[in-house]
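The opening position of the first sequence corresponds to residue 282 in our numbering, with each subsequent residue numbered one higher. Quick notes on the structure that follows.
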Amino acid sequence: MENTYNPAEIESKWQQSWTEQNLYKTDTTSTKPKFYALSMFPYPSGNLHMGHVRNYVITDVIARQKRMQGHRVLHPMGWDAFGLPAENAAIERGIHPATWTYQNIAHMRGQLQKLGLSIDWDREVATCSPEYYRWTQWIFLKFYEGGLAYQKDGMVNWDPIDLTVLANEQVDGEGRSWRSGAIVEKKALKQWYFKITDYAEQLLTDLEQLSGWPEKVRTMQANWIGKSIGANLEFPIVGTDEKIAVFTTRPDTVYGVSYVVLAPEHPLTAQVTTPDQKAAVDAFVSEIKAQSEIDRTAEDKPKRGVFTGAMATNPFTGAQVPIWIADYVLYEYGTGAVMGVPAHDIRDFKFAKQYDLPITQVIAAPSQNADAPLAAAYTEAGTIMNSSQFDGLDSVTAKKSIIDYAEQQGYGNGKIQYKLRDWLISRQRYWGVPIPIVHCPNCGAVPVPEADLPVKLPEDVEFTGKGGNPLAQLDSWVNVPCPTCGTPAKRETDTMDTFVDSSWYFLRYPDAGNDKQIFDSNITNDWMPVDQYVGGIEHAVLHLLYARFFTKIVRDFGAGDKGQTKFLTFDEPFKQLLTQGMVQSTTYKNPQTGKYIAPNSITDPKNPQDPVTGDVLEVSFEKMSKSKYNGIDPEQVISKYGADTARMFILFKAPPEKDLEWDEADVEGQFRFLNRLWRLAIGYQPKTANSGELSKSEKDLRRFVHHAIQAITEDLDGEYQFNTAISELMKLSNAITDADCKESPVYADAIETLMILAAPFAPHMVEELWQLTGHSGSVHEHPWCQFDPAALEADEITLVIQIMGKTRGTIQVPATKDAATLEAYARESSITKKFAEGKEIKKVIVVPGKLVNFIIG
RNA sequence: GGGGGUGUGGUGGAAUGGUAGACGCGACAGACUUAAAAUCUGUUAUCUGUAACGGAUGUGCGAGUUCGAGUCUCGCCACCCCCA
């Protein structure tokens, strides 16, 4: 019998064996309760990194434990396989994007398999395969049919490096592309959009259903949707019949309007501008086009604008106010026009100060010196003033009264506004899902008939990196007859944002092989919603919002002939969400030059110095990345210590939602623990039961075993505290080592329990031990342990004695829940006698099983 | 500026309002060894003390509630994230 722990050998052996046994094939026949465990699928960039490992190991432990607990588990994996890096590889290295992508998938699948994940590979999907994107196109057609996909001319975010359009969600706080990092430009283009704004209210209110999501993610989504309640008010333009509609969240301040602002792009801008202001306005408009949205709207940047020469009437006061254009007003938001109330809005206040516009206060601050002019905008609630019949109302009530009045008088109406804007899905790139539309000179935009799907990507394409979208240059693909009238027509050459692909993949896994329809709704409704979704916090807004949006739309498709009114029977796709923290590692940075230094060029890690300049380096933990030279390759860790050690380390080192600091010494610690576990289990012989009363040490060990079962089961139940679960495994292992009843069946039972409890965490090693210790079948099919509350009862307890709430010592007493008995033991103890000697005991607090507290005077 | 979060030993982190620091890492000491590695044993919050049992302080800071607060409440401070 082999008796040293050799991870490399046993891991590959069991990975192969499990595959041959089909051990992780999804159970589709039993009546067990279902559990859908899902990891966010990876982009096949070429190599697995530690973030992936953490993500998939967490999901795997959950899946394994749920299986042992008697669930039928769906635990699939796939590839978010469209996207720019494949196309860039094609341009740089002359490899076709498909070849590059499928090579990467094959390589990364192999890396994943080395982790010992209990994945059902029969359900693998790749979003770039025609079998998959056929249904992405089908969804698009349904969207189009339902008016949820539409084309619009718009000012779009243009990435000058990737030569494509980006969604708002893909532009970061500095106005840079999330992928290329280039400063995004504004460009007018006809683009395809999804009407996510139709679902804004549902996406907001249904957040309340998501009690299994981190509060943080729900808040971020709510902020992104950005609901505000206000009014559209109309300001007639003096000397014309036109009116300027403004959206405001503060109708209560309408009597304080001192000017009206149009967005520079607003169609009325050109119309109202007077001849003598035209030159200034035109110059300003062209200047604004170059600016990012962030620069235009940030509150701490100076606000700039130009007077158009025209005037508008405030319908409430009859006063005439100037019409301006300004950088901080965006055409896409609201009505593209705002009213300027300098006294009660920070930006308006700055603007008015800068251009010397009047500041009229209409809300009194509670503790304000009545005569002093405002030093800054007062944006809080208060009492209305200078507002005719509304004077004296509090501003919150006045908001509603003024909206009512505006509606009566025909000045405007109440309006709910969302910050969320429609999702721009057009991308001018090759490696994505072709939008299934043909543009016909007679019929306009014509959807490709469902029977003709998929519209396949052509393969004979040249990638030069020049001239934009390669698809648009491929005449043989572009030129097709119109599906309706047969006239020569042209295919849409835009492809879809890859976030479209990942917005519905979780609906496909339950019926991944279906080539007749997107999925059988009975099967998907059976498995969905996902019981536990695990992934990175970086998707808090983008992917998770889009996936929720898609789920609601697909739900509303209806199933017609099946007599169902809804295609999906649930509102939200992900019941529980776990956002795992980053994996960080040591970085060395030269504070003088700001450069990161590779660890292998540092001679003394305890006193790190720049090998070139000799400067003392800053040491910190940062997210692993190539540019910081701090990446740890999962494959190297696995080949050195084995996947089980890597799994244990990553789960033990930090709670799952927190950042994890990679530390080789801690990895070795886990390797040592697995070795101890190995030696412990390998030496035991199952004994036949000996009847009779258990000895004290047997009882103690049994209590320890059942405590561990309880603690680990609770740690894995919903809250997922893997770190404390593993510490319980260690404690149990320590207790077994120290036990002095090694011949007892209790001892054998303890070791067997330890193996079962450790199985989800270190699946290979435990499987090997299970077999070596004479068990048949896989430990992973063994039922999870049940704890016996009776076994937790101790004969003796440790009673804490407190005097005036301060712990003074402990005594061992026979276990009882009776408060009077416990108090009596405590009164008798030498501790109490010492501290309460000669004093009156005024009050006694007894917590059964825990403590006795004496209040003395 | 708004919203959310975090703050505990040398270190990662544990603690249903009930013995703060579980478990691990590191460090120190010892056993084994010619030696090292591996393994095993012990010590390890701070200050202080005795012959010995010990005592005081301690969860960012300051208040409060409570017999009792790392945990609950209020006010600060620092850092992080998201949105402006």
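Each residue gets a CB set at the ideal place from its N, CA and C atoms; glycine is no exception. Since the model is a prediction, treat every value here as computed from it, not as a measurement.
**Prompt:** Going by C-alpha distance, which of Thr678, Asn694, Val677 and Ser1014 is nearest Ile684?
**Reply:** Asn694
**Request:** Would you list the residues sitting across from Val542 in a DSSP beta bridge?
**Result:** Trp605 and Val619
**Asked** If we count Cβ pairs, one from each stretch, closer than 8 angstroms, do we get three or more for the region 979–990 versus the region 1022–1031?
**Response** yes
**Prompt:** When you compare only the Cα positions, how much space is there between Lys524 and Ile604?
**Reply:** 12 angstroms
**Request:** Have a look at Thr894, Tyr636 and Ala924 and flag the residue whose alpha-carbon is nearest the alpha-carbon of Glu290.
**Result:** Ala924
**Message:** Considering just the uninterrupted stretch of the alpha helix (DSSP H) at Ile993, what are its terminal residues?
**Reply:** Lys977 to Leu997
**Asked** With a CB to CB cut of under 8 angstroms and the five nearest residues on each side skipped, what residues in its chain are close to Ala469?
**Response** Asp434, Gly435, Met436 and Val437
**Asked** Ile697 lies in the beta strand (DSSP E); which residues open and close that run?
**Response** Gly693 to Tyr699
**8 angstroms CB neighbourhood of Ser906 in its chain, flanking five on each side removed** = Gly912
**Message:** Whether or not the region 351–362 and the region 938–948 are in contact is what I'm after, with contact meaning three or more pairs of Cβ atoms, one per stretch, closer than 8 angstroms; do they touch?
**Reply:** no
**Asked** Do Asn1004 and the ligand ATP come close, with the Cβ less than 6 angstroms from some heavy atom?
**Response** Although the ligand ATP was asked about, the structure shown includes no ligands whatsoever.
**Message:** Taking the beta carbon of Lys423 as the centre, do at least 16 other beta carbons fall within 10 Å, making it buried, or is it exposed?
**Reply:** buried
**Prompt:** Between Lys315 and Arg353, which are expected to be in contact by the criterion C-beta below 8 angstroms, what is the C-beta distance as a whole number of angstroms?
**Reply:** 6 angstroms
**Item:** N-terminal and C-terminal residue of the alpha helix (DSSP H) that Pro1044 is part of
**Value:** Pro1044 to Leu1053
**Prompt:** Cβ of Leu1010 within 7 angstroms of Cβ of Ala1039?
**Reply:** yes
**Asked** Residues in its own chain within less than 7 angstroms of Pro936 by CB, not counting five upstream and five downstream?
**Response** Gln1002 and Asn1004
**Asked** Hey, Ser458 and Val452 are a contact pair by Cβ (cut 8 angstroms); roughly how many whole angstroms apart?
**Response** 7 angstroms
**Prompt:** Who are the Cβ neighbours of Asp842 in its own chain at under 6 angstroms, not counting the five residues just before and after it?
**Reply:** Because Asp842 carries a pLDDT of 47, less than 50, the predicted location of this residue cannot be relied on, and the following value inherits that uncertainty. Nothing listed; no residue qualifies.
**Message:** Rounded to whole angstroms, what is the Cα-Cα separation between Ala503 and Leu485?
**Reply:** 6 angstroms
**Asked** According to DSSP, is Arg928 helix, strand or coil?
**Response** helix
**In chain order, each alpha helix (DSSP H) run of at least 4 residues that lies wholly inside the region 1063–1134** = 1070–1073, 1100–1109 and 1111–1117
**Prompt:** When the Cα of Asp947 is compared with those of Gly895, Ser866 and Lys977, which residue comes out closest?
**Reply:** Ser866
**Prompt:** Taking the runs of the alpha helix (DSSP H) that are 4 residues or longer, which of them lie wholly in the region 666–726?
**Reply:** 676–690
**Nearest neighbour of Thr1054, chosen from Gln558, Ala962, Tyr910 and Asp1021 [CA to CA]** = Ala962
**Asked** Is the CB-CB distance between Tyr317 and Val811 below 7 angstroms?
**Response** yes
**Item:** Host beta strand (DSSP E) of Asp440 (start-end)
**Value:** Ala430 to Asp440
**Asked** When you compare only the Cα positions, how much space is there between Ala618 and Val334?
**Response** 49 angstroms
**Asked** What residue does the alpha helix (DSSP H) around Gln558 start on, and which one ends it?
**Response** Careful: Gln558 lies outside any alpha helix (DSSP H) and carries neither H nor E.
**Message:** Helix, strand or coil for Thr850? Go by DSSP, reduced to three states.
**Reply:** coil
**Message:** Suppose you measure from the CA of Leu752 to the CA of Thr478; what does that come to, to the nearest Å?
**Reply:** 30 angstroms
**Pro872 (DSSP reduced to helix, strand or coil)** = coil
**Request:** Taking 8 angstroms as the threshold, find out whether the region 883–893 comes into contact with the region 808–826 through three or more Cβ pairs.
**Result:** no
**Prompt:** Measuring CA to CA, which of Ala1072, Lys306 and Gln966 is closest to Glu1024?
**Reply:** Gln966
**Contacts around Val1027, its chain only, beta-carbon distance under 7 angstroms, and the 5 residues preceding and following it disregarded** = Leu975, Glu979, Leu982 and Arg983
**Message:** For Ile525, list the residues DSSP reports as bridge partners.
**Reply:** Phe516
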